[in-house]
Structures are given as C-alpha cells and as structure tokens.
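Residue numbers (mature numbering (1 follows the signal peptide of the UniProt record, and there is no 0)): -28 to -1, 1 to 403.
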C-alpha cells in the first residue's frame, strides 16, 4: 500500500502547484511593451474591423479597432484614469450595449481619452479607475450581420474629444481619433498602481445591464407587451406614454450579488424639475419580484418580493393568492395569477412576515436597492422583474440574471481539499 501513499503525496503536490499557478495567473493581464493594459486581456487578432478598414462601414473608414470577444468578457482600463462620460445606449435605437469614455494620463503629463464601446457598464461617470481594473463587460451587439460581440476601442489624443462617430468618409478627417494600437505602443502611461486582487470568496458577483432599447414609444393600448429584439436580456419592456411623457425611459440596469446581498441599480433619464407635461411630477416605484424556479413570462408566478416602500423582503411561495395592486395605472387589484405585463405592481404586506431587510435610495435618475438574499437558498438562475412607473407613464423591466460559476482558483482549491480528504481516507484505511 506504500504506492498509494506515494500517489497521494504526488497528487497533493501537483494540485498544490496547480493552485499556486492558478493564483499567480488569475489576475495576469496582457500589457504593451510600454505599459498599457490591453482592454480585453487579448491581442487584436485582425478577425474584426481594424483601424481605417472599410469593411462594415458602407465604404467608410473605421476610427477604432474592434476586439472580437465573447459575451461577458471583462473589459479593463488600459491605464489609471477617470470616467468622464457614459451612455447606456451607444448606438441610438439599437441593441448594441453602452459605452464609457475614460480620461487617461501619459508619462509626459498630457491627457487623452479612450472610448470603450458595446459594453455593460460597471464603472460610472465621475469615478476613478486603476490600470487593469474592470470597468465593464462585453455585451450583445446586434447588427444586420447578427450578434457581433466585440469591444469598439478608440483613442483621442485631445482630452476634450469625448464622443466621435465610429466611421469617417475621409482619412483626412479622423474626428480626433488615432490608431489605438500605434498610440499605446508609442507612448507610456503615467505611473500607475494596478488594483489589488480580491481574496477568493464564495460570494457571487453577477452583473447585467444590457441597454434598454427604445427612444420613446407611444402606445394606445395599455398592457401591450413589447418584445425586445433578439439578444436582449429583458423579456418584456413596456413604455406607456401620453403626450410629452412618451420619451421617458429606463436607460439601464445593473445587478450585483456579493456577500449574500443583491444590489439593483436602475438608471433613468428622470431629473426633478425639468420633466415636461405636468406641474406636479412625481415618481412612483413598484416592487421587485423574484423567482428561483424557472419563471417565464407565461407562468407569471413569483416566489419572493422586495417591498421598495419599506425595504423588506417577503416570501410569497405560500401566498400566491396574496393581493397585488396597480394603483397608478388602473386603480385595480390583481393577484399573482392574474397579473399582466405593463402595470406598476406592489405587494400588500398585510399578514406577511419579512424574511430580510434592505435599503433603497433615489438620487435624480439613479434608483438603487440592496437586500439580503442568503435566506433564499439558491443564488443562481433566478429571474428578476422590476416594476417602475412615473405618473401615467409606465416602464417595466422583466428579465433573467444568473450568478457566474466560481473562479478557477476556487475550483482548484476545492480539488486540492478533495485530494487531501481522499489521501487521509486511504491512509486511515491502510492503518
């Protein structure tokens, strides 16, 4: 049985080395020889449109390089900087994600801006970023050729240049853009401190904010579901508008899960005092409904609800006939079986016992809520619906978000623990 002990010892050593290797490479990122990080941690391979290439632009010249990447690929800052502009809809009226513009500094003290397009946003305007820090993820980019997921990456040597067209008709009019690869290979970033790697954790960090598509629909028939274009993570989204309300939109949504808490950030174009159409504009928010068991738009059955007015999470699995109501749109009451898409919906908490507390905050166009979901048990493959309305304008998002798989580091650590347990079991048997 000595060979078993030797085998186990070797296995432990191999797994330990693999774990150390994974830990040392978990945050390894590609850089140029001058010190810039590659924004998607990969070299440009020429498979998507390059600098001043004309394929894809109807004969126009491309003012960026496109890094071909899979959906969900992290996008990082090429250097230290500050986010100076953001949008949740990079291409107006299209499901092509959002974009960030970050101001970076060179070693000579001068500044430039870089545009990261077709991404879901993690960082926000006004926030600082570290070199190599994740600022977004690759999201859907639906075009006439299909879902071409990629990063559109521009560099503007003049820091006052923010938004530019993606193409130009003439190489003598580059709109303030330069070849991004040549720029990074011929310049040196200012001294920078990469972000410290996070400690491995069992916590999840899910994220979704594929841009809500729509520049303002006006619907005569209320309740009508608006099926979004293929590739959207939102199942339904209604805008019911009247007169000057018809352009009022939700601009984007972020969902994060960490340390057992779920955080939802909703961004709208709402700004107090300048919303037209009424002298007494007010904002009403519906509640957040969750399901862990394969919710679909047809089933319309929810298991949990976060009451945004009091910051409480309720379990309604045994209260499917509990009354829900939509007071702003119809003034009628619905139960969970008869709810239809397109109304603000709230829970009547009478006789319900809260299982967790949470918080909500409203700041102009940003509405955030955070609550503990550890008592829900499962933390993956749950669907989320957020019901929101303002006066007689109604905006609804319903969609699906899944927690990602644990990191390679966690898997290898688990494997190492498994080998250790196996080894101990064999040694005990031998004894």
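Even for Gly, the Cβ is constructed at its ideal location relative to N, Cα and C.
Nearest to residue i by CA position, among the options, is which residue?
i, options, result
"residue 323", "287, 99, 344", "287"
"residue 47", "77, 109, 58, 71", "109"
"residue 27", "139, 345, 330, 278", "139"
"residue 50", "74, 41, 63", "74"
"residue 19", "148, 121, 284", "121"
"residue 325", "84, 107, 85, 278", "278"
"residue 119", "6, 42, 1, 334", "42"
"residue 153", "96, 56, 36, 85", "36"
"residue 158", "332, 39, 340, 4", "4"
"residue 95", "54, 160, 339, 340", "54"
Please classify residue i as buried or exposed, where buried requires at least 16 neighbouring CB atoms within 10 angstroms.
i, result
"residue 79", "exposed"
"residue 23", "buried"
"residue 330", "buried"
"residue 69", "buried"
"residue 89", "buried"
"residue 276", "buried"
"residue 16", "buried"
"residue 13", "buried"
"residue 259", "buried"
"residue 145", "exposed"
Taking the straight line between their C-alpha atoms, what separation do you get for residue i and residue j?
i, j, result
"residue 347", "residue 328", "8 angstroms"
"residue 52", "residue 103", "5 angstroms"
"residue 162", "residue 280", "44 angstroms"
"residue 137", "residue 99", "24 angstroms"
"residue 92", "residue 45", "10 angstroms"
"residue 131", "residue 25", "24 angstroms"
"residue 10", "residue 134", "20 angstroms"
"residue 87", "residue 150", "12 angstroms"
"residue 8", "residue 156", "6 angstroms"
"residue 319", "residue 232", "23 angstroms"
"residue 321", "residue 345", "18 angstroms"
"residue 62", "residue 112", "12 angstroms"
"residue 125", "residue 289", "46 angstroms"
"residue 282", "residue 142", "57 angstroms"
"residue 343", "residue 105", "26 angstroms"
"residue 147", "residue 34", "11 angstroms"
"residue 76", "residue 83", "6 angstroms"
"residue 334", "residue 32", "43 angstroms"
"residue 57", "residue 129", "16 angstroms"
"residue 261", "residue 339", "16 angstroms"
Across which residues does DSSP place residue i in a beta bridge pair?
i, result
"residue 328", "285"
"residue 124", "38, 89"
"residue 114", "119"
"residue 102", "None, per the DSSP bridge assignment."
"residue 108", "47, 93"
Could you have a look at residue i and say whether DSSP puts it in helix, strand or coil?
i, result
"residue 152", "helix"
"residue 59", "strand"
"residue 157", "helix"
"residue 147", "coil"
"residue 45", "coil"
"residue 347", "helix"
"residue 75", "strand"
"residue 54", "strand"
"residue 277", "strand"
"residue 235", "strand"
"residue 342", "strand"
"residue 95", "coil"
"residue 140", "strand"
"residue 24", "coil"
"residue 84", "strand"
"residue 10", "coil"
"residue 70", "strand"
"residue 17", "coil"
"residue 2", "coil"
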